[in-house]
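Protein chains in written order, with the UniProt record's numbering: chain C, 1 to 230; chain H, 1 to 230.
There are 2 protein chains.
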Amino acid sequence: MVHISTAHEVLAVVFQVRRLGTPKPQLSVLLWQRAQEPQRGAWSLPGGSLRHDEDMTSSVRRQLAEKVDLREIAHLEQLAVFSDPDRVPATRTIASTFLGLVPSPATPELPPDTRWHPVSALPPMAFDHGPMVTHAHARLVAKLSYTNIGFALAPKEFVLSTLRDIYSAALDYQVDATNLQRVLQRRGVITRTGTTAQSGRSGGRPAAVFRFADSQLRVTDEFAALRPPS
Amino acid sequence: MVHISTAHEVLAVVFQVRRLGTPKPQLSVLLWQRAQEPQRGAWSLPGGSLRHDEDMTSSVRRQLAEKVDLREIAHLEQLAVFSDPDRVPATRTIASTFLGLVPSPATPELPPDTRWHPVSALPPMAFDHGPMVTHAHARLVAKLSYTNIGFALAPKEFVLSTLRDIYSAALDYQVDATNLQRVLQRRGVITRTGTTAQSGRSGGRPAAVFRFADSQLRVTDEFAALRPPS
DNA sequence: GCAAAAGTGTTTTGCGTACACCCATGC
DNA sequence: GCATGGGTGTACGCAAAACACTTTTGC
Numbered sequence: 001m002v003h004i005s006t007a008h009e010v011l012a013v014v015f016q017v018r019r020l021g022t023p024k025p026q027l028s029v030l031l032w033q034r035a036q037e038p039q040r041g042a043w044s045l046p047g048g049s050l051r052h053d054e055d056m057t058s059s060v061r062r063q064l065a066e067k068v069d070l071r072e073i074a075h076l077e078q079l080a081v082f083s084d085p086d087r088v089p090a091t092r093t094i095a096s097t098f099l100g101l102v103p104s105p106a107t108p109e110l111p112p113d114t115r116w117h118p119v120s121a122l123p124p125m126a127f128d129h130g131p132m133v134t135h136a137h138a139r140l141v142a143k144l145s146y147t148n149i150g151f152a153l154a155p156k157e158f159v160l161s162t163l164r165d166i167y168s169a170a171l172d173y174q175v176d177a178t179n180l181q182r183v184l185q186r187r188g189v190i191t192r193t194g195t196t197a198q199s200g201r202s203g204g205r206p207a208a209v210f211r212f213a214d215s216q217l218r219v220t221d222e223f224a225a226l227r228p229p230s
Numbered sequence: 001m002v003h004i005s006t007a008h009e010v011l012a013v014v015f016q017v018r019r020l021g022t023p024k025p026q027l028s029v030l031l032w033q034r035a036q037e038p039q040r041g042a043w044s045l046p047g048g049s050l051r052h053d054e055d056m057t058s059s060v061r062r063q064l065a066e067k068v069d070l071r072e073i074a075h076l077e078q079l080a081v082f083s084d085p086d087r088v089p090a091t092r093t094i095a096s097t098f099l100g101l102v103p104s105p106a107t108p109e110l111p112p113d114t115r116w117h118p119v120s121a122l123p124p125m126a127f128d129h130g131p132m133v134t135h136a137h138a139r140l141v142a143k144l145s146y147t148n149i150g151f152a153l154a155p156k157e158f159v160l161s162t163l164r165d166i167y168s169a170a171l172d173y174q175v176d177a178t179n180l181q182r183v184l185q186r187r188g189v190i191t192r193t194g195t196t197a198q199s200g201r202s203g204g205r206p207a208a209v210f211r212f213a214d215s216q217l218r219v220t221d222e223f224a225a226l227r228p229p230s
């Protein structure tokens with residue numbers, strides 16, 4: 001196919017860890033359902049055309065605010081560009097994808113055609129949006145391991161079992177709260193606030209309250225191997 | 001500034017470890033010198049406009065082949081997109097950057113305005129191309145630690161001291177050959193060919209010859225922390 | 001008291017670094 | 001022989017995982 005001109009769109013993979021009826025919360029992604037052909041009924045990532053006077057990060061923030069009324073993005077970063085000439089029909093469109101993270105308790109109002117879907121059970125996705133979600137999830141999993149990126153999924157203050165549930169949902173395996181605490185505390189990623197939470201109805205020792213030390217991305221475990229000599 | 005239309009270019013940060021008179025080889029980047037205003041005389045990354053019928057990876061390969069006659073790219077991956085509306089004058093241009101790696105012994109012919117520059121001493125760079133090189137270098141350093149990306153910088157077959165020099169140049173610190181061997185062998189990244197090399201003029205035990213097991217990127221040390229339970 | 005949940009102490013393990021020591025070659 | 005570079009063996013350290021045990025609450 002030969003195209004006359006090239007458009008550029010930004011698409012955001014926005015994750016939040018949410019309760020969805022199930023006992024344990026699940027990692028979920030924000031999608032909207034197409035009302036028009038092509039691919040009517042399929043689910044799309046939020047986003048849209050880049051304006052001539054904005055850079056891509058501003059564009060993503062603007063579009064999420066305007067189109068799905070979402071403003072609580074705690075972290076936003078570039079992922080990959082999808083540039084196959086035929087990735088969407090008609091106009092040749094290059095897509096730049098972003099990873100956005102929303103803290104857990106926030107539950108913004110959403111337009112009626114927009115919904116959170118658990119990453120483990122995605123609906124039929126429009127165009128190449130499925131692989132984009134997979135890619136974003138892989139990036140999140142990797143960064144949970146060597147950065148403080150958890151700050152963008154967790155509440156401002158939290159108890160360790162809550163944080164364990166968030167990590168478990170994002171990583172898709174049971175994380176041990178004991179070790180999670182020690183790893184994150186040793187690295188200076190989380191700190192105690194000093195206060196303790198109420199015990200639940202069924203008893204149990206009251207839990208210490210923590211918070212993330214930073215609210216910006218920081219690499220906390222730079223060298224996996226081949227460390228420079230000390 | 002308001003722009004009428006938006007152009008899209010691809011730019012490649014191509015690295016090779018090269019001897020440049022100095023005893024130890026150095027990590028170098030391929031640049032060409034601008035003959036026209038704006039920024040005449042400043043050095044640019046190779047690349048150019050994306051065609052309407054090609055994706056970005058093909059475009060990078062094509063442009064490197066056409067413009068600087070470079071075909072021995074062993075590894076090519078996306079880096080970041082630079083989308084500031086005013087990053088270059090006149091037409092608003094979005095730049096997608098790529099990391100390209102050329103194996104060490106290959107010394108392709110270059111056009112006269114094109115040259116390899118050591119990363120440690122970059123010439124005055126055009127536009128925002130300086131930060132692009134820095135970004136690419138950071139990515140390379142990170143991936144040397146947790147992937148087999150060295151395959152794209154090393155010769156097909158090599159002796160361990162050669163590989164040490166390559167890693168040292170790319171990482172910018174002295175790597176210990178003994179430990180490098182053990183780490184890479186344990187991970188299955190390199191294997192012995194069985195043959196041994198000649199000793200140099202000044203004697204010394206003949207070295208074993210190695211090769212990389214794969215010639216495609218592979219993650220070899222996935223989890224820095226928060227490993228799933230075993 | 002007992003169950004439930006949180007937190008601490010201790011052991012084990014795996015991996016990477018550091019370093020001492022042995023090996024094979026040229027001259 | 002001896003210098004030179006290559007390779008192996010081993011001790012050390014660190015960080016994380018695993019798990020037993022203690023603490024603090026509700027009922």
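Beta carbons: idealized from backbone N, C-alpha and C, even for Gly. These figures come from a predicted structure and were not determined experimentally.
| Query | Result |
| --- | --- |
| Chain C contact residues for H:Leu171, given Cβ-Cβ distances below 9 Å | Leu226 and Pro228 |
| H:Lys156 beta carbon near the ligand GDP (any heavy atom closer than 7 Å) | As for the ligand GDP, it is missing from this structure, which has no ligand bound. |
| In chain order, each alpha helix (DSSP H) run of at least 4 residues that lies wholly inside the UniProt domain "Nudix hydrolase" (6-147) of chain C | 56-68 and 129-146 |
| Span of the beta strand (DSSP E) around C:Ile166 | Counting along the chain, C:Ile166 falls outside any beta strand (DSSP E), though it belongs to the alpha helix (DSSP H) covering Leu160 to Leu171. |
| Cβ contact (3+ pairs, closer than 8 Å) linking the region 136-154 of chain H and the region 56-66 of chain H | no |
| Cβ of H:Pro56 within 8 Å of any chain C Cβ | At residue 56 of chain H the sequence reads Met, which differs from the Pro that was named. True, the Cβ-Cβ gap to chain C drops below 8 Å. |
| Within-8 Å CB hit, C:His75 to chain H | no |
| C:Gly48 to C:His8 span [Cα, whole Å] | 8 Å |
| Three-state secondary structure assigned by DSSP to C:Phe223 | coil |
| Inter-residue Cα distance where the pair is C:His129 and C:Phe15 | 14 Å |
| Members of the region 78-92 of chain H that neighbour chain C once the beta carbon cut-off is set at 8 Å | Gln78, Ala80, Val81, Ser83, Asp84, Pro85 and Arg92 |
| Partner residues on chain H for C:Ser145, Cβ-Cβ distance less than 7 Å | Phe223, Ala224, Ala225 and Leu226 |
| Under 7 Å from the C-beta of H:Val175: neighbouring residues of chain C | Leu226 |
| DSSP state of C:Ala177 mapped onto helix, strand, coil | helix |
| Endpoints, the beta strand (DSSP E) within which C:Val189 is located | Looking at the DSSP string, C:Val189 is not in any beta strand (DSSP E), and its letter there is neither H nor E. |
| Status (buried if at least 16 other CB within 10 Å, exposed otherwise) for H:Leu27 | buried |
| Contact check, H:Gln39 vs H:Phe127, beta carbons under 8 Å | yes |
| Buried versus exposed call for H:Thr195 [16 or more other C-beta atoms within 10 Å across all chains shown] | exposed |
| Cβ contact (3+ pairs, closer than 8 Å) linking the region 148-162 of chain C and the region 101-116 of chain C | yes |
| Exposed unless 16 or more other CB atoms sit within 10 angstroms - verdict on H:Ala65 | exposed |
| Minimum C-alpha distance to C:Val175 - residue among C:Gly188, C:Ser202 and C:Ser161 | C:Ser161 |
| Extent of the continuous beta strand (DSSP E) to which H:Ala208 belongs | Ala208 to Phe212 |
| DSSP-derived helix/strand/coil call for H:Gly150 | helix |
| Proximal residues to H:Gly100 (C-beta, below 6 Å), its chain only, five neighbours per side dropped | Ala12, Val14, Ile73 and Leu76 |
| 8 Å Cβ cutoff met for H:Ala42 and H:Pro124 | yes |
| Within-8 Å CB hit, C:Asp128 to chain H | no |
| H:Pro228 - DSSP class collapsed to helix/strand/coil | coil |
| Within 8 Å, strictly: CB atoms of H:Thr6 and C:His135 | no |
| Interface residues of chain H facing C:Val183 [CB-CB closer than 8 Å] | Ala225 and Leu226 |
| H:Arg182 versus C:Gln33, C:Ala225, C:Thr178 and C:Phe82, residue with shortest Cα-Cα distance | C:Ala225 |
| Residue environment, H:Leu45, which counts as buried when at least 16 other CB atoms sit within 10 Å | buried |
| Below-8 Å beta-carbon distance, C:Ile94 vs any chain H residue | yes |
| Listed by chain order, chain H residues near C:His8 by CB distance under 9 Å | Thr6, His8, Ser83 and Ile94 |
| Cα-Cα separation, C:Leu30 to C:Leu180 | 27 Å |
| Rounded straight-line distance, which links the Cα of C:Val10 to that of H:Asp84 | 14 Å |
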